[in-house]
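Per our numbering, the very first residue in the sequence shown carries number 3; after that it's consecutive.
Note that the Cβ used here is the ideal one computed from N, Cα and C, for glycine as well.
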Amino acid sequence: MSKSLEERVDELEMHIAHQNETIETLNDVVSNQAQVLDRLVSAMGQMKDHLLDIQDLVEQTPANQKPPHY
Numbered sequence: 003m004s005k006s007l008e009e010r011v012d013e014l015e016m017h018i019a020h021q022n023e024t025i026e027t028l029n030d031v032v033s034n035q036a037q038v039l040d041r042l043v044s045a046m047g048q049m050k051d052h053l054l055d056i057q058d059l060v061e062q063t064p065a066n067q068k069p070p071h072y
């Protein structure tokens, strides 16, 4: 009932092949996620810059400035 050494080696080789395929797939996923993350970080930086520009404009508008007698 015990498996021969050759059968055991064949099973191990199949497991290793499957694990290698899984590792390659996971590596692709991680690489894609890193690219998406880089784009999101860049977009967030641009939005921050735009918000700071808008804040500067809002603070400079006459409606938000106190009249000279204050």
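Extent of the continuous alpha helix (DSSP H) to which residue i belongs
i, result
"T27", "L7 to Q62"
Cut-off 6 Å between Cβ atoms - residues of its own chain near residue i, not counting five sequence neighbours on either side
i, result
"N34", "none"
"D58", "none"
Check: residue i C-beta below 6 Å from any heavy atom of the ligand SAM
i, result
"V60", "Within the structure as shown, the ligand SAM is missing, as the structure has no ligands at all."
Other residues of its chain near residue i: CB distance less than 8 Å, five sequence neighbours each side excluded
i, result
"H17", "none"
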